[in-house]
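Heads up, the thing below is written out as structure tokens.
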Amino acid sequence: MTFHDFTFHPRLLDGLDAMGFSKPTPIQEQAIPVILAKRDLIGCAQTGTGKTAAYVLPILNNIVGSEKRHLNTVIIAPTRELAQQIDQQIEGFSYFLGVSSIPIYGGGDGATWDQQKRAMEGGVDIIIATPGRLIAQIAMGTIKFDHLEHLVLDEADRMLDMGFYEDILRIIKELPAKRQTLFFSATMPPKIRALANKILQNPVEINIAISKPAEGILQQAYVVHNEQKEKLIDTLLKEKKFNSVLIFASTKENVKKLDRNLQRLGLNAKAIHSDLEQTEREHVLREFKNKQLTILIGTDVLSRGIDVEGIDLVINFDVPPDPEDYIHRIGRTARAATTGTAITFINEMDQRKFFRIESLIGKEVPKLALPAELGNGPVYNPEVRTHSHGASGKNKNSGNKKPFRSKRRPDQRPRS
Ligand code: AMP
Numbered sequence: 159m160t161f162h163d164f165t166f167h168p169r170l171l172d173g174l175d176a177m178g179f180s181k182p183t184p185i186q187e188q189a190i191p192v193i194l195a196k197r198d199l200i201g202c203a204q205t206g207t208g209k210t211a212a213y214v215l216p217i218l219n220n221i222v223g224s225e226k227r228h229l230n231t232v233i234i235a236p237t238r239e240l241a242q243q244i245d246q247q248i249e250g251f252s253y254f255l256g257v258s259s260i261p262i263y264g265g266g267d268g269a270t271w272d273q274q275k276r277a278m279e280g281g282v283d284i285i286i287a288t289p290g291r292l293i294a295q296i297a298m299g300t301i302k303f304d305h306l307e308h309l310v311l312d313e314a315d316r317m318l319d320m321g322f323y324e325d326i327l328r329i330i331k332e333l334p335a336k337r338q339t340l341f342f343s344a345t346m347p348p349k350i351r352a353l354a355n356k357i358l359q360n361p362v363e364i365n366i367a368i369s370k371p372a373e374g375i376l377q378q379a380y381v382v383h384n385e386q387k388e389k390l391i392d393t394l395l396k397e398k399k400f401n402s403v404l405i406f407a408s409t410k411e412n413v414k415k416l417d418r419n420l421q422r423l424g425l426n427a428k429a430i431h432s433d434l435e436q437t438e439r440e441h442v443l444r445e446f447k448n449k450q451l452t453i454l455i456g457t458d459v460l461s462r463g464i465d466v467e468g469i470d471l472v473i474n475f476d477v478p479p480d481p482e483d484y485i486h487r488i489g490r491t492a493r494a495a496t497t498g499t500a501i502t503f504i505n506e507m508d509q510r511k512f513f514r515i516e517s518l519i520g521k522e523v524p525k526l527a528l529p530a531e532l533g534n535g536p537v538y539n540p541e542v543r544t545h546s547h548g549a550s551g552k553n554k555n556s557g558n559k560k561p562f563r564s565k566r567r568p569d570q571r572p573r574s
């Protein structure tokens, strides 16, 4: 399935294409049709699953076709950081739509307060607010909710943990009863469910179960430049004895190149890829299963198919694009309650992707120091590493003027 399978506005699809979003994540696949059908929704999903886009995209689609623009949507989030991240995603997606948004949170200076106030007086489509600051703005009388169509509560469990229960109810009292409410929470304890029952009408419930890597896998990572990766494999495999090693690379070309170069380094390695005849593939796989072959190299296709006992090391030569693939890849080791090691190589461009994987598995993977003879690797700073290709961030949007700030270019991925 692709985003083009939804009945999205063509300009929203343009924004998605420009940002390189092609395939919806499971929560997006399930939630988008429900939200487009204007149903209330309970989404049990954590950060890293793509939950933000799951509600932002259908809301933007509804806003484009709606008469009721200002103020159309209120998104309530527990923290300033999350409010900013949601706003950044909205900016990216709405680049071609001319939909405006503003994050409203406390802790800024007087200028921020004035900017927020002006935005609301000028008629903004979407606000993303932390509960306390939203109540302050309501008290000032700056916000009119007459046109409100959507309310989103994001990370509801965290908001309750932070003591925002009463604040949320106070805010909801101000909103029109006829609205669409979307409620997201990573967990669903009874108190959260009671709140959901109170504020949602006949909701559809979606649960995204997260697969977790097996406990027996020791996960590690190295932050490396591309040109250091092969030497690192050589060093790791000569430093410690591994009997059965699976190496994943993202493309067939990388698999073939790695195959040639590792053999040149004298390692007992072979690759499997689609250019080989079926019989050749079977032969390589048999050698690997019999432990005559120590190192097998392949793409993600291998991660879902291969069932070999006794793999003691998995190397991710690059970071898989999809976090679920990471779990599948490393799951090839430590099968059936044995132990195994999974090592991921993270170059500059893959840092953000790896951060997303860590969010999904709910765990930080230790980044080990490179062996001294390899020299220094890049600095690890996933917060500033995106998939963008050096875009400047200047507003080159022509027709669709956003009233309050310049917008991110759609080829700059949002930070989360
Ligand atoms: P979230 O769970 O909403 O915090 O999203 C986690 C990260 O996944 C964000 O960096 C998004 O930009 C990214 N993301 C969400 N959906 C997709 C998708 N369909 N394709 C690629 N990246 C996505």
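Numbered according to the numbering used here, the sequence shown spans residues 159 to 574.
No residue lacks a Cβ here, since even glycine has one placed at the ideal position from N, Cα and C.
Q. Are any of the Cβ atoms in chain B nearer than 8 Å to that of residue 409?
A. This model lacks chain B altogether; it includes just one protein chain.
Q | Classification of residue 209 by the beta-carbon crowding that lies within 10 angstroms, buried from 16 upward | A | Buried, by the Cβ-count rule.
Q: Write down every uninterrupted run of the alpha helix (DSSP H) in the region 294-323 whose length is 4 residues or greater and which is fully enclosed by it, in chain order.
A: Secondary structure in the region 294-323: the alpha helix (DSSP H) runs of 4 residues or longer, each lying completely within the stretch, are 314-319 in chain order.
Q) Looking only at its own chain, which residues have a Cβ that is under 8 Å from the Cβ of residue 359, when we skip the five neighbours before and after it? A) Excluding the 5 residues flanking it on each side, residue 359 has same chain C-beta neighbours closer than 8 Å at 198 and 339, in chain order.
Q: Sort 541, 451 and 342 by Cα distance to residue 186 and report the nearest one.
A: Closest by alpha carbon: 342.
Q. Considering only residues of the same chain and omitting the five flanking positions on each side of residue 381, which have a CB-CB separation below 7 Å?
A. Within the same chain, residue 381 has close Cβ partners 504, 525, 535, 536 and 538.
Q. Which residue's Cα is closest to the Cα of residue 416: 379, 433, 454 and 447?
A. Nearest neighbour of residue 416 by Cα position, chosen from 379, 433, 454 and 447, turns out to be 454.
Q) When the Cα atoms are used, what is the spatial distance from residue 488 to residue 174? A) The alpha-carbon atoms of residue 488 and residue 174 are separated by roughly 30 Å.
Q. Roughly how many angstroms separate the alpha carbons of residue 233 and residue 177, rounded to a whole number?
A. Spanning the alpha carbons of residue 233 and residue 177 requires a straight line of approximately 22 Å.
Q) Ends of the beta strand (DSSP E) at residue 261? A) For residue 261, the enclosing beta strand (DSSP E) covers residues 259-262.
(Q) Between the region 294-308 and the region 322-338, can you find at least three pairs of beta-carbon atoms closer than 8 Å? (A) Touching, per the Cβ criterion.
Q) According to DSSP, is residue 435 helix, strand or coil? A) Coil at residue 435, not helix or strand.
(Q) For residue 425 and residue 182, what's the separation of their Cα atoms in angstroms? (A) C-alpha separation (whole angstroms): 39 Å.
Q) Taking 7 Å as the line, does the beta carbon of residue 316 fall inside it for any heavy atom of the ligand AMP? A) With a threshold of 7 Å, the Cβ atom of residue 316 does not count as near the ligand AMP, since no heavy atom of the ligand is closer than that.
Q: With a threshold of 7 Å, establish whether the CB of residue 246 neighbours any heavy atom of the ligand AMP.
A: No, since every heavy atom of the ligand AMP falls outside the 7 Å radius drawn around the Cβ of residue 246.
Q: Count the CB pairs spanning the region 389-401 and the region 437-447 that are closer than 8 Å, and state whether there are at least three.
A: A contact is defined here as three or more CB-CB pairs under 8 Å, and the region 389-401 fails this definition with respect to the region 437-447.
Q: Could you tell me the distance, in whole angstroms, from the CA atom of residue 255 to the CA atom of residue 170?
A: Distance between the alpha carbons of residue 255 and residue 170: 7 Å.
Q: Can you say whether residue 180 is buried or exposed, counting buried as having 16 or more other CB atoms within 10 angstroms of its CB?
A: With fewer than 16 other Cβ atoms within 10 Å, it is exposed.
(Q) For residue 497, which residues in the same chain have their Cβ closer than 6 Å to its Cβ, ignoring the five residues on either side in sequence? (A) Excluding residues up to 5 positions away in sequence, 374 lie with their Cβ nearer than 6 Å to the Cβ of residue 497 in the same chain.
Q | Beta carbon of residue 407 nearer than 8 Å to that of residue 475 | A | It is a contact, given that the beta carbons lie within the stated cut-off.
Q: Could you pull out every unbroken beta strand (DSSP E) segment of at least 3 residues lying fully inside the region 217-262, listed in chain order?
A: Every unbroken stretch of the beta strand (DSSP E) spanning 3 or more residues and falling wholly within the region 217-262 is given here in chain order: 231-234 and 259-262.
Q. Residue 228 to residue 482, Cα distance in whole Å?
A. C-alpha separation (whole angstroms): 38 Å.
Q) Using the beta-carbon count (16 or more within 10 Å), is residue 219 buried or exposed? A) With 16 or more other Cβ atoms within 10 Å, it is buried.
Q | Same chain, Cβ closer than 6 Å to residue 550, neighbours up to 5 away in sequence not counted | A | Reliability fails at residue 550, whose pLDDT of 31 lies under 50, so the model's placement of it is uncertain and no value is given.
Q: Could you tell me if the beta carbon of residue 421 falls within a distance shorter than 7 Å of some heavy atom in the ligand AMP?
A: Flag unset: Cβ of residue 421 not near the ligand AMP.
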